[in-house]
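In the numbering used here, the protein residues as written are 473 to 630.
We treat Cβ as the ideally placed atom computed from N, Cα and C, and that holds for glycine.
Some notes on the structure that comes next.
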């Protein structure tokens, strides 16, 4: 027996069997941080980006990504999501923070859905603003917190 939940006794990758787990309320919050060149920051502040509403488009992209997570991550279970929320924050003029929250009642957590949602929303912003300056950086994608399930609650040291 090995300590890796996604490997069988022969060391082969497998989807974890969650059939014996109890369905509980699960929540995960993740974020991605974009670092913006001055020209991009100004265009966003002035609502003058060439491809239109970056926040609305990135919000929809993040929601769609969370719903498609099991299609993108090979051993990820498909989950019925109760909600996906995408929010944006400007901690500094040169930064744009994308925060994704996913909720479900299920047998496995929604960390991958939240991380995927934050990542794809950030990539969508890059795509919509790259015509201004391709120097946009996506510097950090991380889980901020999760709750529910056998492992209980977890929160990042921020």
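Rounded C-alpha distance that separates residue i from residue j
i	j	result
residue 614	residue 531	18 angstroms
residue 562	residue 628	20 angstroms
residue 617	residue 625	8 angstroms
residue 509	residue 483	45 angstroms
residue 558	residue 486	31 angstroms
residue 494	residue 526	39 angstroms
residue 536	residue 603	24 angstroms
residue 548	residue 518	40 angstroms
residue 501	residue 590	9 angstroms
residue 608	residue 553	31 angstroms
residue 474	residue 481	Any reading at residue 474 needs caution, since the residue's pLDDT is 49, under 50, leaving its predicted position unreliable; the model's value is listed next. Spanning the two alpha carbons is a distance of roughly 7 angstroms.
residue 619	residue 496	10 angstroms
residue 566	residue 513	6 angstroms
Residue i classed as buried or exposed, judged by whether at least 16 other C-beta atoms fall within 10 angstroms
i	result
residue 582	buried
residue 587	buried
residue 490	exposed
residue 579	buried
residue 505	buried
residue 621	buried
residue 516	buried
Residue i and residue j closer than 7 angstroms at C-beta
i	j	result
residue 503	residue 569	yes
residue 538	residue 574	yes
residue 507	residue 611	yes
residue 597	residue 534	no
residue 540	residue 600	no
For residue i, the three-state DSSP class (helix, strand or coil)
i	result
residue 558	strand
residue 619	strand
residue 569	strand
residue 580	coil
residue 600	helix
residue 474	Confidence at residue 474 is low in this model, with a pLDDT of 49, below 50, so the placement of that residue should be treated as unreliable; the coordinate-derived value is given next. Coil.
residue 481	coil
residue 425	The question about residue 425 has no answer, for the chain in this structure spans 473 to 630.
residue 592	helix
Entirely within the stretch 485–549 and at least 4 residues each: give me those alpha helix (DSSP H) ranges in chain order. 510–517, 526–539 and 541–544
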